[in-house]
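> Residue numbers (the working numbering): 591 to 998.
All C-beta atoms, glycine included, are put in the ideal place defined by N, C-alpha and C.
Below: one structure in structure tokens.
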Ligand SMILES: NC(=O)c1ccc[n+]([C@@H]2O[C@H](COP(=O)([O-])OP(=O)(O)OC[C@H]3O[C@@H](n4cnc5c(N)ncnc54)[C@H](O)[C@@H]3O)[C@@H](O)[C@H]2O)c1
Ligand SMILES: [Zn+2]
Ligand SMILES: [Zn+2]
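Here's what the structure looks like:
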């Protein structure tokens, strides 16, 4: 079967690989009808989320049809149409029972303290082969698959695998209630779902910060007040637009590949921090391999952390879902401490949120497909990766269809 295979930093290929097999009685095999590319995949190829084993199939978003099940999978049958939560969880340890699925004690074969287990991630996360493939093995399938109603399309369901739950969890961790003023840093796919979730929770005002016109346009279309960090200083703009108070909540939907403004009033300040940012990049990504305008790490890893802490009102809430690798160690702790901020963060507990979001989409309270901008065959995955990596205008979220699904 065809799959996107990681070879090295800056080197991914679409290749023929052996089909997956059932290994444990709790496994299922799913034939994928849709998969997608996430900002997390980009960190791995750029080298800012290192440690991927050569040969690992990438991708952690998937929708498909169950083809085989092990003898311990009792709630799913062959032929069911399902969405796959990106993180892998056993469903029976104390953390899973509490809803902290990404902190499962049993899913990661390296042990309970080695981090979140997910598809297509670094060696420390399993490694598990990912979902940018024609088929995939799903461990703990009784909790690792969520059945889909017929009236939810693949174009909607693929967004329920990772990025809608992540956006929703970001808003949940920021303790949104009606009236809250919120700044969302990053208008990529995750930032767009943060905004959609804030709307569902009736946040009062939503500010969206980025610099890519099509991404800011999409944020505005969702009802956010947009700030282009290459045209304005985002902290000054947030203060000015909130009567000098700052925002109640800030959400980081950017992560380790944050970039510094190259023009506008914020560029001057960022320039002063250039040496510090350079040191951070060196520490976080000892190896990089940019080529032909692709796979370039962000040049200001802690930029959003600084901006968010500065822009928050006293006693504000900061929620971080942007991904930072273990080697990221720069955070403005003094400024945050002295403002009595509350900070929450983490890998998404996908399985906790997906059933609720399936219902919301089924009820038409929200249409996640509005954020999907590209549907491409899996065969064109590498090109699609390159466009998404360069954040080309209009390339916001890419779904990939394995060959069988395209023909169907
Ligand atoms: N916690 C989780 O479980 C989880 C799940 C999915 C994705 N993520 C992470 O969420 C982040 C976003 O993912 P995505 O798919 O939307 O990625 P993306 O790369 O498409 O989007 C990032 C956006 O941030 C913008 N940006 C860069 N520097 C900025 C700055 N200084 N200020 C404001 N915006 C800036 C970029 O222009 C881009 O639009 C990534 O770090 C990804 O790894 C986390
Ligand atoms: Zn992801
Ligand atoms: Zn568990």
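Is it buried or exposed, residue 806, if we count other Cβ atoms within 10 angstroms and call 16 or more buried?
Start at 1 with the first residue of the chain shown, and residue 806 comes out as number 216. Per the 10 Å Cβ criterion, buried.
> Pull up the DSSP beta-bridge partners for residue 677, would you.
To locate residue 677, count along the chain shown from 1; it is residue 87. Residue 677 is bridged to 708.
> Can you determine whether any heavy atom of ligand 3 sits closer than 7 Å to the C-beta of residue 695, and answer yes or no?
As a first step, residue 695 must be located in the chain shown, where it is residue number 105. Checking the Cβ of residue 695 against ligand 3 gives yes.
> Check this for me: beta carbons of residue 647 and residue 697, under 8 Å apart or not?
Numbered from its first residue, the chain shown carries residue 647 at position 57. Numbered from its first residue, the chain shown carries residue 697 at position 107. Result no, Cβ atoms of residue 647 and residue 697 do not sit closer than 8 Å.
> Per the DSSP calculation, residue 884 is bridged to which residue(s)?
If you number the chain shown from 1, residue 884 lands on position 294. Beta-bridge pairing links residue 884 to 881.
> Where does residue 764 fall in DSSP's three states?
Here residue 764 refers to the residue found at position 174 of the chain shown. The answer is coil: DSSP assigns residue 764 none of H, G, I, E or B.
> Can you give, in chain order, each stretch of the alpha helix (DSSP H) that sits fully within the segment 938 to 997 and has at least 4 residues?
940 to 952, 971 to 979 and 993 to 997
> Using the three-state DSSP reduction, which class does residue 798 fall into: helix, strand or coil?
In the chain shown, residue 798 corresponds to position 208, counting from 1. If DSSP states are grouped into helix, strand and coil, residue 798 belongs with the strands.
> Entirely within the segment 596 to 655 and at least 3 residues each: give me those beta strand (DSSP E) ranges in chain order.
601 to 606 and 618 to 626
> Residue 943: beta carbon under 7 Å from a heavy atom of ligand 3?
Reading the chain shown from its first residue, position 353 is the one you call residue 943. Residue 943 Cβ: outside cutoff for every heavy atom of ligand 3.
> Would you be able to state if there are at least three C-beta pairs under 8 Å between the segment 631 to 642 and the segment 912 to 920?
yes
> Looking only at its chain, what residues have a beta carbon closer than 7 Å to the beta carbon of residue 689, apart from the 5 residues adjacent to it on each side?
By one-based count along the chain shown, residue 689 stands at place 99. Close CB contacts of residue 689 within its chain, under the 7 Å cut and outside five residues either way in sequence, are with 939 and 942 (chain order).
> When you compare the segment 657 to 665 with the segment 800 to 814, are there three or more beta-carbon pairs, one atom per stretch, that lie closer than 8 Å?
no
> For ligand 2, which residues count as neighbours when the test is a C-beta closer than 6 Å to any heavy atom?
628, 630, 650, 676 and 752
> Let me check you understand the geometry: is the CB of residue 679 closer than 7 Å to at least one non-hydrogen atom of ligand 3?
By 1-based counting over the chain shown, the position of residue 679 is 89. Yes, since a heavy atom of ligand 3 falls inside the 7 Å radius drawn around the Cβ of residue 679.
> In angstroms with no decimal places, state the Cα-to-Cα distance between residue 988 and residue 936.
Start at 1 with the first residue of the chain shown, and residue 988 comes out as number 398. Start at 1 with the first residue of the chain shown, and residue 936 comes out as number 346. So the alpha carbons of these two residues sit roughly 24 Å apart.
> Quick one: any contact between the segment 965 to 979 and the segment 725 to 737, if contact means 3 or more CB pairs under 8 Å?
no
> Could you pull out every unbroken beta strand (DSSP E) segment of at least 3 residues lying fully inside the segment 728 to 778, listed in chain order?
771 to 775
> Based on DSSP bridge pairs, tell me the residues matched to residue 839.
Here residue 839 refers to the residue found at position 249 when the chain shown is read from its first residue. 772 and 907, per the DSSP bridge assignment.
> Return yes when at least one heavy atom of ligand 3 lies under 7 Å from the C-beta of residue 683, else no.
Along the chain shown, read from residue 1 onward, the residue named residue 683 stands at position 93. Yes; taking the cut-off as 7 Å, the Cβ of residue 683 has a heavy atom of ligand 3 nearer than that.
> Cβ atoms of residue 651 and residue 626: under 8 Å apart, would you say?
Mapped onto the chain shown, residue 626 falls at position 36. Mapped onto the chain shown, residue 651 falls at position 61. Their beta carbons are under 8 Å apart, which means residue 626 touches residue 651 by this criterion.
> For ligand 1, I want to know if residue 819 counts as a neighbour, meaning its beta carbon is within less than 7 Å of at least one of the ligand's heavy atoms.
The residue labelled residue 819 in the question sits at position 229 within the chain shown. Yes, since a heavy atom of ligand 1 falls inside the 7 Å radius drawn around the Cβ of residue 819.
> Quick one: what does DSSP say residue 935 is sitting in, helix, strand or coil?
For the purposes of this step, residue 935 is taken as residue 345 along the chain shown, with counting starting at 1. In the structure shown, residue 935 sits in a strand (DSSP, three-state: E or B).
> Between 596, 653, 600 and 932, which lies nearest to residue 883 when the distance is taken from Cα to Cα?
If you number the chain shown from 1, residue 883 lands on position 293. The candidate whose alpha carbon is nearest that of residue 883 is 600.
> Would you check if the distance between the CB atom of residue 891 and the CB atom of residue 932 is smaller than 8 Å?
Here residue 891 is taken as the residue at index 301 of the chain shown, counted from 1. Here residue 932 is taken as the residue at index 342 of the chain shown, counted from 1. No. Outside cutoff.
> Within 10 Å of its beta-carbon, does residue 668 have 16 or more other beta-carbons around it, so buried, or fewer, so exposed?
Counting from one through the chain shown, the residue named residue 668 turns up at place 78. Result: exposed.
> Leaving out five residues before and five after residue 907 in sequence, what residues of the same chain have Cβ atoms less than 6 Å from its Cβ?
Taking the chain shown and counting its residues from 1, the one referred to as residue 907 is at position 317. Contacts found: 764, 765, 839 and 932.
> Would you mind giving the Cβ-Cβ distance between residue 837 and residue 771, rounded to the nearest angstrom? I have them listed as a contact below 8 Å.
Residue numbering aside, residue 837 sits at position 247 when the chain shown is read from its first letter. Residue numbering aside, residue 771 sits at position 181 when the chain shown is read from its first letter. Right, their Cβ atoms sit about 5 Å apart.
> Cα separation between residue 991 and residue 862?
Against the chain shown, residue 991 aligns to sequence position 401. Against the chain shown, residue 862 aligns to sequence position 272. Computed Cα separation, rounded: 45 Å.
> In the DSSP assignment, find the alpha helix (DSSP H) that holds residue 900 and state where it starts and stops.
Here the question's residue 900 lines up with position 310 in the chain shown. Where residue 900 is concerned, the enclosing alpha helix (DSSP H) starts and stops at 893 to 901.
> Sort 894, 886 and 832 by Cα distance to residue 851 and report the nearest one.
Translated into the one-based positions of the chain shown, residue 851 becomes position 261. Answer by Cα proximity: 894.
> By DSSP, does residue 687 sit in helix, in strand, or in coil?
Position 97 of the chain shown, counted from the start, is the residue given in the question as residue 687. Of the three classes helix, strand and coil, the one that applies to residue 687 here is helix, per DSSP.
> Per DSSP, what kind of secondary structure is residue 697 in: helix, strand or coil?
Translated into positions along the chain shown, residue 697 becomes position 107. It is coil, neither helix nor strand.
> For the pair the segment 812 to 824 and the segment 865 to 877, tell me if three or more CB-CB distances fall below 8 Å.
no
> From the DSSP output, in three-state form, read off residue 807 for me.
The residue labelled residue 807 in the question sits at position 217 within the chain shown. Collapsing the DSSP output to three states places residue 807 in a helix.
> Looking at C-alpha atoms only, which residue of 612, 701, 948 and 755 is the closest neighbour of residue 783?
The residue you call residue 783 lines up with position 193 of the chain shown. Checked all of 612, 701, 948 and 755; the closest Cα to residue 783 is 755.
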